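K.L.:
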Amino acid sequence: MSNRIATAMVSSSTLNDINSALSALQRSSNELSSGRTILQPSDNPYGASHAIDLQSQLDGLGAYATNVQDAISWENAAGGAMTNMSSVVQRVRELLVQASNGTFSQSSLNSIATEVAQLTETIKQDANTQYAGQYVFAGTLTTTRPYQPGAEDEYQGNVASISRAIGPGASVTINTDISSLLGNGSGAKDGKLLDTLRTISEHLLSGTPEGRAALNTTDLKAIDASLETLTQLQATAGSMTNQLQAASSRIEDLETSIAKTLSNTQDADIAKTTIAFSNQQAAYEAALRAGASIVQESLLNFLR
Amino acid sequence: MSIPTLQGLQTALSGLLAQQQAIDVAGHNIANANTEGYSRERAVMRANRPLVIPAMSMLTGKGGQLGTGVNVETYTRIRNEYLDAQFRTQNSALSGSAAEAEELQQAQAAFNEPSSSGIASQLSKFWAAWSSLANSPTSEAAKQGVVAAGEQLASTLKQVSAQLETISTQANQQYASLTGPAGEVQNYANQIAQLNGQIKLAEEAGQKPNDMLDRRDLLLDKLSSLAQITVNQQPNGTDTVSFGDATKPLIEGTTVNWPQTLTAAAGGQLGALLGLTGPTGALASYQTTLDAVAENLAGSVNELHTSTPFFSGSTAATLAVAVTPAEVQTSSTEAPGGNDVAQAIAALRGGSADQGYSALIERVGDDVKTAQDEQANDQTTVTAIGNQRMSVSGVSLDEEMTNLISFQRAYQASARTMTAMDSMLDTLILHTGTVGL
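Just so you know, the protein sequences line up as chains A and B, in that order. Throughout, my numbering is defined as the position within the first sequence, counted from one, plus 8. Throughout, my numbering is defined as the position within the second sequence, counted from one, plus 114.
1) Determine the chain A residues that contact G452(B) at a beta-carbon separation under 8 Å, and present them in chain order.
2) Just tell me which of T188(B), R154(B) and T203(B) has its CA closest to the CA of V496(B).
3) Is the number of C-beta pairs between the segment 120-139 of chain B and the segment 531-538 of chain B that are closer than 8 Å three or more?
4) On a CA-only basis, which of E263(A), I266(A) and A255(A) is nearest V76(A)? Give me that one, please.
5) Could you check if I306(B) is buried or exposed, using at least 16 other CB atoms within 10 Å of its CB as the buried criterion?
6) Who are the near neighbours of T270(B) in its chain, counting only those whose CB is closer than 8 Å to its CB and skipping five residues on each side?
7) Using a cut-off of 7 Å between C-beta atoms, extract the partners of M504(B) located in chain A.
8) DSSP on D325(B), reduced to helix/strand/coil?
9) Using a C-beta cutoff of 8 Å, does L307(A) count as contacting chain B?
10) Should T533(B) be flagged as near chain A, meaning a C-beta pair shorter than 8 Å?
11) If you follow the alpha helix (DSSP H) that T531(B) is in, where does it begin and where does it stop?
12) Alpha carbon to alpha carbon, how far is E513(B) from L307(A)? Give it in angstroms, no decimals.
13) If I follow the unbroken alpha helix (DSSP H) through V186(B), where does it start and stop?
14) Between which two residues does the alpha helix (DSSP H) containing V260(B) stretch?
15) Tell me the DSSP secondary structure of Q347(B) in three-state form.
16) Return the bridge partner residues of M159(B) from the DSSP annotation.
17) Using a Cβ-Cβ distance under 8 Å, would Q253(A) count as near chain B?
18) N38(A) to L62(A), Cα distance in whole Å?
19) Could you pull out every unbroken alpha helix (DSSP H) segment of at least 4 residues lying fully inside the segment 200-242 of chain B, listed in chain order?
20) How big is the Cα-Cα spacing for R163(B) and P323(B)?
21) Hey, could you find the ends of the alpha helix (DSSP H) S153(B) is sitting in?
22) DSSP three-state call for A147(B): helix, strand or coil?
23) Go ahead and pull the three-state DSSP assignment for F310(A).
24) CA-CA distance, Y525(B) and A213(B)?
25) With 16 as the cutoff for other CB atoms within 10 Å, does E260(A) come out buried or exposed?
26) So, do the segment 447-462 of chain B and the segment 292-306 of chain B have three or more beta carbon pairs nearer to each other than 8 Å?
27) Rounded to whole angstroms, what's the CA-CA distance from Y152(B) to N146(B)? Just pull it up for me.
28) Closer than 8 Å, CB to CB, is M9(A) near chain B or not?
29) Compare the Cα-Cα distances from D227(A) to each of T111(A), A79(A), V124(A) and I46(A) and report the closest residue.
30) Which class does Y54(A) belong to by DSSP, given the choice of helix, strand or coil?
31) How close, in whole Å, do the beta carbons of A285(B) and E217(B) come, if the pair is a contact with beta carbons under 8 Å?
32) Using a Cβ cut-off of 8 Å (strictly closer), state whether Q236(B) contacts chain A.
33) Residues bridged to F357(B) by DSSP?
34) If we ignore side chains and look at the alpha-carbon of each, how far apart do Q274(A) and Q469(B) end up?
35) If the criterion is Cβ atoms closer than 8 Å, does the pair M515(B) and M17(A) meet it?
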């Protein structure tokens, strides 16, 4: 600026200064009231786009966390059912051992057979366990009951697997193929648990020495084999649950770290902004004060 | 030749008249202290032609040149035309970057990011809906959720696209109204051409039409905010004005050549509007990118949703959900518990549609920031040049008061000189040669 100052320059430059002080003040006040440094993409173009990506990642992690919780609940339902099955099979095995020691009368054997038949129904009921309206042991035919109650033992589901995404590109199979344990019953003669149970009932009711003999040999062996299979299925389900729990804590860690990055990108540093705000307030007041006294002064004040 | 008896009175009179005119000029300056575009004026005083006293007579001794007072030669306006040219160039740049920043800010506002209702958040909700569906593939509510999220996303895309279109249309309308028959270009040009005529007449009569010149300069300043202008002063006092990149000068003497065709290279507000709304302009490119995001979204979802296309349309404005909740496909098999399709679509999160959109937001933000920075820089330059110009041409009341005092005192002194002359003449005429009468 050159030496000569026209009167209008004083007021216009004072006004400019007051305006720019006020606009800085308004900016800080916006940041404080919204808690954000990025109010529009132009405030920090890279930061704004980064924040959008981070927010989407965070939402995605939220979805994975939901998936994992859902899968864990599913596994819990299936696991509970398999634990029940296991105790039922254990009970059958006990009965079998009792029945085969040869001291029982036929009527006692008959009542054992009745209990075995009830336990068979119990196992089928466990196989029909539902989680959130879906049959957990029916493969992907989740609306179909895997085993009909009563005499019909054929598996109604399929062997397809159901999975849950637990991370980008990572998914786990959550369902257990129960038909590998239970099979299709005596009609199929597949030697699986339901077939075995039906055979045991037959042998108990038969009253023949061959029938009794089979209880101790082939039937006990078949029950042991089924227990083995069941234990394996339970182990697989258990390791799945462990995997899911690990995924859950990994997702939580990631959520924390991404949320922190997001906050660093878009949130206002309240302490820093508050100090800036006070400074700007002081500057604005000074500009107003200076304006008020400078604009009033004139040679006219001093002439007669 | 001796000194005329009444010469002293004439000299004093010339002083009275000149000082009075100077006071009038100071009054004019003070009255216009706040007039936009006014240049301060000065009464340029010059000593009158002296009276030559020859060295012949006993009375006059050696002779010499006797001053005969003062006259006001002209009223001049104090102005630096070089600063005017600089100011106008920067003013064009400023109003160009201001128009650009304003339009781009509107576009930025149309995207409404970052917020919980913008496209980014709708995309995220859409993917989350598919993820929920993958968890409960038989749930009607989850299918409803997917369709609802899809419709919300499509309608947000449509809205943003429509807003971009509106901004573009409004910019075009603004251009049309500025350049139209009742627009500012025509209006300023007509006034300048008329002033050209009046200034020419005044100059031919040997007058300095200061206030008309000021008005013409002010109009040229205003014209420079519309497009880049070049002013050529003609010897007859008229200004020939070329405007933007129009082929013919906008104003030649009293002739106005308008309408003419401009391009984005015209500079100023008009150039910026043409640049933004043109086929290669920022608004069109945002629209294209948004369409690409929509097309990408529809393409990638439809590719996985093989039973029937999930989305119809391939631009942001035409995108729509084409399925009912019952038609939402969760699995590639008939099995109700299958969720491979839902999972695959949920896994599109963070894919090319999301990336394309966040890159677009970064670009919009960048463009706005650049335009705002440019505007701030131009504003600083214009203010600096404006201040320099004001420093030369602006009225300083302190200065005028000082001048007023000195002119007033000089006037009083001239009057006192006249009184002294009068009393001399009184002695000469009334009291000389009266001895013995």
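Note that beta-carbon positions come from the ideal geometry of N, C-alpha and C, so glycine has one too. Note that the coordinates shown come from a computational prediction; the quantities given were computed from them, not determined experimentally.
P.N.:
Result, derived from the coordinates:
1) For this step, residue 452(B) is matched to residue 338 along the second sequence. Under the 8 Å cutoff, chain A gives T148, A168 and I170.
2) The sequence position of residue 496(B) within the second sequence is 382, counting from 1. When only C-alpha atoms are compared, the closest one is T203(B).
3) yes
4) Within the first sequence, the letter at position 68 stands for residue 76(A). With distances taken between Cα atoms, V76(A) lies closest to A255(A).
5) Residue mapping note: residue 306(B) aligns to position 192 of the second sequence, counting from 1. Flag for I306(B) reads buried.
6) Locating residue 270(B) in the second sequence gives position 156, counting from the first residue. Excluding sequence neighbours, T270(B) sits near S231, G232, I233 and Q236.
7) Along the second sequence, read from residue 1 onward, the residue named residue 504(B) stands at position 390. By Cβ distance, chain A contributes A14, A16 and M17.
8) Locating residue 325(B) in the second sequence gives position 211, where the first residue counts as 1. Residue state, collapsed to three classes: helix.
9) As a first step, residue 307(A) is located in the first sequence; it is residue number 299 there, counting from the start. Answer yes: the Cβ-Cβ gap between L307(A) and chain B drops below 8 Å somewhere.
10) The residue you call residue 533(B) lines up with position 419 of the second sequence. No, T533(B) does not count as interfacial toward chain A.
11) The residue labelled residue 531(B) in the question sits at position 417 within the second sequence. It spans L511 to H545 - the alpha helix (DSSP H) in which T531(B) sits, taken as one unbroken run.
12) In the first sequence, residue 307(A) corresponds to position 299, counting from 1. In the second sequence, residue 513(B) corresponds to position 399, counting from 1. Roughly 9 Å between the two C-alpha positions.
13) In the second sequence, counting from the first residue as 1, residue 186(B) sits at position 72. Unbroken run through V186(B) is the beta strand (DSSP E), V184 to R191; no alpha helix (DSSP H).
14) In the second sequence, residue 260(B) corresponds to position 146, counting from 1. It spans E254 to T293 - the alpha helix (DSSP H) in which V260(B) sits, taken as one unbroken run.
15) Counting from one through the second sequence, the residue named residue 347(B) turns up at place 233. Judged by DSSP in its simplified three-state form, Q347(B) adopts strand.
16) As a working note, residue 159(B) is residue 45 in the second sequence. V186(B).
17) On the first sequence, residue 253(A) is found 245 positions in, with the first residue counted as 1. Q253(A) does not count as touching chain B.
18) Translated into the one-based positions of the first sequence, residue 38(A) becomes position 30. Translated into the one-based positions of the first sequence, residue 62(A) becomes position 54. N38(A) and L62(A): Cα-Cα distance of roughly 23 Å.
19) none
20) If you number the second sequence from 1, residue 163(B) lands on position 49. If you number the second sequence from 1, residue 323(B) lands on position 209. Each residue's Cα considered, the two are about 26 Å apart.
21) Residue mapping note: residue 153(B) aligns to position 39 of the second sequence, counting from 1. Neither: S153(B) is in no alpha helix (DSSP H) and is coded neither H nor E.
22) Counted from its first residue, the second sequence places residue 147(B) at position 33. DSSP places A147(B) in coil when its eight states are reduced to three.
23) Taking the first residue of the first sequence as 1, we reach residue 310(A) at position 302. It is helical.
24) In the second sequence, residue 525(B) corresponds to position 411, counting from 1. In the second sequence, residue 213(B) corresponds to position 99, counting from 1. Each residue's Cα considered, the two are about 53 Å apart.
25) Position 252 of the first sequence holds residue 260(A). Exposed is the call here.
26) no
27) The count along the second sequence starts at 1 and reaches residue 152(B) at position 38. The count along the second sequence starts at 1 and reaches residue 146(B) at position 32. Their backbone Cα atoms lie some 7 Å apart in a straight line.
28) Within the first sequence, numbered from 1, the residue matching residue 9(A) stands at position 1. Unreliable placement is indicated for M9(A), whose pLDDT of 42 sits below 50; the coordinate value is still reported in the next sentence. When Cβ-Cβ separations below 8 Å define contact, M9(A) makes contact with chain B.
29) Residue mapping note: residue 227(A) aligns to position 219 of the first sequence, counting from 1. Minimum Cα distance to D227(A) is reached at V124(A).
30) For this step, residue 54(A) is matched to residue 46 along the first sequence. Residue state, collapsed to three classes: helix.
31) Walking along the second sequence from the start, residue 285(B) turns up at place 171. Walking along the second sequence from the start, residue 217(B) turns up at place 103. Correct: roughly 6 Å between the Cβ atoms.
32) Numbered from 1 along the second sequence, position 122 holds the residue referred to as residue 236(B). By this cut-off, Q236(B) is not an interface position.
33) Counting from one through the second sequence, the residue named residue 357(B) turns up at place 243. Per DSSP, I343(B).
34) Reading the first sequence from its first residue, position 266 is the one you call residue 274(A). Reading the second sequence from its first residue, position 355 is the one you call residue 469(B). Approximately 19 Å between the Cα atoms of the pair.
35) Taking the second sequence and counting its residues from 1, one reaches residue 515(B) at position 401. Taking the first sequence and counting its residues from 1, one reaches residue 17(A) at position 9. The Cβ atoms of M515(B) and M17(A) do not sit closer than 8 Å to each other.
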